[in-house]
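A short worksheet on the structure shown next.
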Amino acid sequence: MASNRRDGMHHAHNLIICEHCDSVYQKRKLLRGQVADCTVCGAVLERHQWIGVEGQFALIIAALIVFVIANVSPIVTLKLSGMAETTTLWGAVIAMWTDGAQLVAALTALTLFFFPLSQLVIFCWVLWFARDGRRAPGFAQAMTALVRVKPWSMIEVFMLGTLVAVVKAHTYFDVVPGPGIWAFGFLTVLITVFSSHDARHLWDITGEAKA
Amino acid sequence: MNTPPRAQELGMMSCHVCRLVTAYSEDPHAHCPRCHSALHVRKQGSIARSWALLLAAAMFYIPANVFPIMRTQSLSSKDDNTILSGIFELWRAGSPGLAVIVFTASIVVPMLKFIIMTTLLVSVQRSSGLVSKQRARLYRFVELIGYWSMLDVFVVAILSALVHFQILSRVEPLPGVVYFGVVVVLTMLSAMSFDPRLIWDNRKSQ
Chain A
44 MASNRRDGMH HAHNLIICEH CDSVYQKRKL LRGQVADCTV CGAVLERHQW
94 IGVEGQFALI IAALIVFVIA NVSPIVTLKL SGMAETTTLW GAVIAMWTDG
144 AQLVAALTAL TLFFFPLSQL VIFCWVLWFA RDGRRAPGFA QAMTALVRVK
194 PWSMIEVFML GTLVAVVKAH TYFDVVPGPG IWAFGFLTVL ITVFSSHDAR
244 HLWDITGEAK A
Chain B
94 MNTPPRAQEL GMMSCHVCRL VTAYSEDPHA HCPRCHSALH VRKQGSIARS
144 WALLLAAAMF YIPANVFPIM RTQSLSSKDD NTILSGIFEL WRAGSPGLAV
194 IVFTASIVVP MLKFIIMTTL LVSVQRSSGL VSKQRARLYR FVELIGYWSM
244 LDVFVVAILS ALVHFQILSR VEPLPGVVYF GVVVVLTMLS AMSFDPRLIW
294 DNRKSQ
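Protein chains in written order, with my numbering: chain A, 44 to 254; chain B, 94 to 299.
Structure below.
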């Protein structure tokens with residue numbers, strides 16, 4: 044009780060509560076590479092945020108560029124007796140839609156395009172302002188959206204799926220990988236780097252906007 | 094090492110969205126002062142929601158495995174594959190290593206999710222105090238592996254888009270893949286609805 048009343052406010056910034064078991068800890072400063080684990084349930088409490096805001100912003104810009112490339116360039120080309128067929132991510136979505144699997148088409152478009160894109164754009168928006176320690180307009184909504192969208196972005200799974208599809212198709216056709224597959228691969232790496240980062244950190248390092 | 098106190102004992106709660114620590118509030122319509130999300134001590138209707146979504150997923154899992162997910166058509170043959178038969182074919186004709194990956198993603202992962210979620214829900218409802226730490230670990234495992242089951246769905250999507258050589262050769266999605274996609278989404282929602290804090294609440298024995 045003492046610590047959350049001390050400043051006369053009803054919240055305590057020096058405490059952290061384990062999201063998995065509700066144990067309360069005093070926040071500690073983490074060193075590079077350190078991860079604080081909950082001693083009760085073993086879940087990760089907090090990780091050291093090893094990329095600064097500027098670095099994150101740069102990564103997001105890179106990810107946005109790679110995302111565009113991944114979506115406009117062909118992923119793979121198949122060849123069969125002089126004919127060639129190529130596809131992009133949207134080609135896959137449209138194929139599912141026209142072949143009677145509209146639900147899957149929608150799911151594919153959401154998890155591989157709309158959710159990852161909104162994640163990148165929102166992140167870019169809040170980071171742009173966070174560089175000067177400011178909170179972007181709509182910061183609270185943006186941060187909430189980031190938390191909600193995160194589990195539904197599935198670029199990594201798509202990358203593996205492409206690999207499986209290539210091997211399956213290779214039995215009957217000549218398969219030529221396109222630039223899209225490299226872009227998706229690179230995007231997977233960038234997303235993995237990012238997922239070790241907790242966006243909610245931005246709450247602590249930014250202040251209310253002052254006009 | 095002494096155990097840290099739990100938020101409820103200290104009259105605190107934390108926002109499930111932005112993690113801000115606030116004083117405990119009885120008000121069911123309380124909002125986080127920082128991010129304005131609804132504040133509650135535990136996820137609402139966690140057990141009922143989680144059960145409902147899990148049972149729905151289990152029901153959809155049957156047609157997902159019985160119905161073929163993909164049709165491969167060529168001049169001479171027409172071949173419908175279910176999830177399992179597709180894995181066998183990949184094992185024989187393509188790469189056994191990838192077949193193992195697909196088998197893990199499409200068969201092992203969903204099965205594990207059903208088993209683990211059921212175990213967690215039953216143990217929480219019986220206020221079990223046994224192996225809480227291990228159960229907490231199981232929950233984190235389910236959260237981590239959940240979305241990899243989408244693998245087969247994406248494989249069918251890419252092949253359907255690629256293999257489009259008029260009458261010579263075609264791949265089409267079949268209803269099984271839709272059911273399977275629904276299973277993945279439902280199991281993910283079920284895991285998200287479950288509140289792991291319940292594992293540590295009202296334990297009978299410590």
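Beta carbons are placed, not taken as given, at the ideal position from N, Cα and C, and that holds for glycine.
Same chain, Cβ closer than 6 Å to residue i, five either side skipped, listed in chain order
| i | result |
| --- | --- |
| residue 262 (chain B) | 167 and 256 |
| residue 63 (chain B) | The structure shown does not extend to residue 63 (chain B), since chain B is modelled only from 94 to 299, so the question has no answer here. |
| residue 112 (chain A) | 226 |
| residue 106 (chain A) | 163 and 233 |
Limits of the unbroken beta strand (DSSP E) element including residue i
| i | result |
| --- | --- |
| residue 137 (chain B) | Per DSSP, residue 137 (chain B) belongs to no beta strand (DSSP E) and is neither H nor E. |
| residue 232 (chain B) | Premise fails: residue 232 (chain B) lies in the alpha helix (DSSP H), 225-238, not in any beta strand (DSSP E). |
| residue 266 (chain B) | 262-266 |
| residue 101 (chain B) | No beta strand (DSSP E) holds residue 101 (chain B); DSSP gives it neither H nor E. |
| residue 60 (chain A) | 58-60 |
| residue 80 (chain A) | 78-80 |
| residue 116 (chain B) | 114-116 |
| residue 89 (chain A) | 87-90 |
| residue 67 (chain A) | 67-69 |
Inter-residue spacing [alpha-carbon to alpha-carbon] between residue i and residue j
| i | j | result |
| --- | --- | --- |
| residue 283 (chain B) | residue 142 (chain B) | 7 Å |
| residue 157 (chain B) | residue 216 (chain A) | 28 Å |
| residue 169 (chain B) | residue 121 (chain A) | 20 Å |
| residue 73 (chain A) | residue 163 (chain B) | 50 Å |
| residue 207 (chain B) | residue 155 (chain A) | 25 Å |
| residue 69 (chain A) | residue 108 (chain A) | 40 Å |
| residue 100 (chain B) | residue 65 (chain A) | 6 Å |
| residue 185 (chain A) | residue 281 (chain B) | 23 Å |
| residue 77 (chain A) | residue 190 (chain B) | 35 Å |
| residue 103 (chain A) | residue 254 (chain B) | 29 Å |
| residue 350 (chain B) | residue 205 (chain B) | Residue 350 (chain B) lies beyond the residue range present for chain B, which begins at 94 and ends at 299; the question has no answer from this structure. |
| residue 296 (chain B) | residue 216 (chain B) | 10 Å |
| residue 85 (chain A) | residue 155 (chain B) | 35 Å |
| residue 160 (chain A) | residue 243 (chain A) | 19 Å |
| residue 237 (chain B) | residue 202 (chain B) | 11 Å |
| residue 82 (chain A) | residue 94 (chain A) | 26 Å |
| residue 167 (chain A) | residue 251 (chain B) | 29 Å |
Cutoff 7 Å; reference residue i; Cβ partners in own chain excluding five residues on either side
| i | result |
| --- | --- |
| residue 249 (chain A) | 173, 176, 177 and 178 |
| residue 146 (chain B) | 279, 282, 283 and 286 |
| residue 228 (chain B) | 213, 216 and 292 |
| residue 195 (chain B) | 180, 183, 244 and 245 |
Chain B within 8 Å of residue i, Cβ atoms only
| i | result |
| --- | --- |
| residue 225 (chain A) | no |
| residue 238 (chain A) | no |
| residue 203 (chain A) | yes |
| residue 248 (chain A) | no |
| residue 235 (chain A) | no |
| residue 213 (chain A) | yes |
| residue 112 (chain A) | no |
| residue 128 (chain A) | yes |
| residue 187 (chain A) | yes |
| residue 60 (chain A) | yes |
| residue 54 (chain A) | yes |
| residue 161 (chain A) | no |
| residue 253 (chain A) | Confidence is the limiting factor: at residue 253 (chain A) the pLDDT is only 45, short of 50, which leaves the residue's position unreliable, though a coordinate-based value still follows. False, the Cβ-Cβ gap to chain B never drops below 8 Å. |
| residue 194 (chain A) | yes |
Element boundaries [alpha helix (DSSP H), containing residue i]
| i | result |
| --- | --- |
| residue 233 (chain A) | 222-238 |
| residue 203 (chain A) | 198-213 |
| residue 204 (chain B) | 202-218 |
| residue 247 (chain A) | 245-248 |
| residue 97 (chain A) | 96-115 |
Short CB-CB distance (under 8 Å) between residue i and chain A
| i | result |
| --- | --- |
| residue 325 (chain B) | Here chain B comprises residues numbered 94 to 299, so residue 325 (chain B) is not present and cannot be evaluated. |
| residue 191 (chain B) | yes |
| residue 96 (chain B) | yes |
| residue 184 (chain B) | no |
| residue 251 (chain B) | yes |
| residue 218 (chain B) | no |
| residue 115 (chain B) | yes |
| residue 257 (chain B) | yes |
| residue 286 (chain B) | no |
| residue 281 (chain B) | yes |
| residue 166 (chain B) | no |
| residue 154 (chain B) | no |
| residue 210 (chain B) | no |
Same chain, Cβ closer than 8 Å to residue i, neighbours up to 5 away in sequence not counted
| i | result |
| --- | --- |
| residue 246 (chain B) | 270, 273, 274 and 277 |
| residue 130 (chain A) | 117, 118, 119 and 138 |
| residue 176 (chain B) | 157, 158, 162, 199, 200, 245, 269 and 273 |
| residue 44 (chain A) | Because residue 44 (chain A) sits at a pLDDT of 38, beneath the cut-off of 50, its placement in the model cannot be relied upon, and the following sentence gives the value as read from the coordinates. Correct list: empty, nothing qualifies. |
| residue 235 (chain A) | 199 |
| residue 105 (chain B) | 114, 115, 116 and 117 |
| residue 111 (chain B) | 125, 127, 128 and 130 |
In the region 120-193 of chain A, which residue ranges form an unbroken alpha helix (DSSP H) of at least 4 residues, counting only runs that do not cross its ends?
132-141, 145-152, 158-173 and 182-192
Tell me the start and end of each unbroken beta strand (DSSP E) in the region 130-198 of chain B that is at least 3 residues and wholly inside, in chain order.
163-167 and 171-174, all fully within the region 130-198 of chain B.
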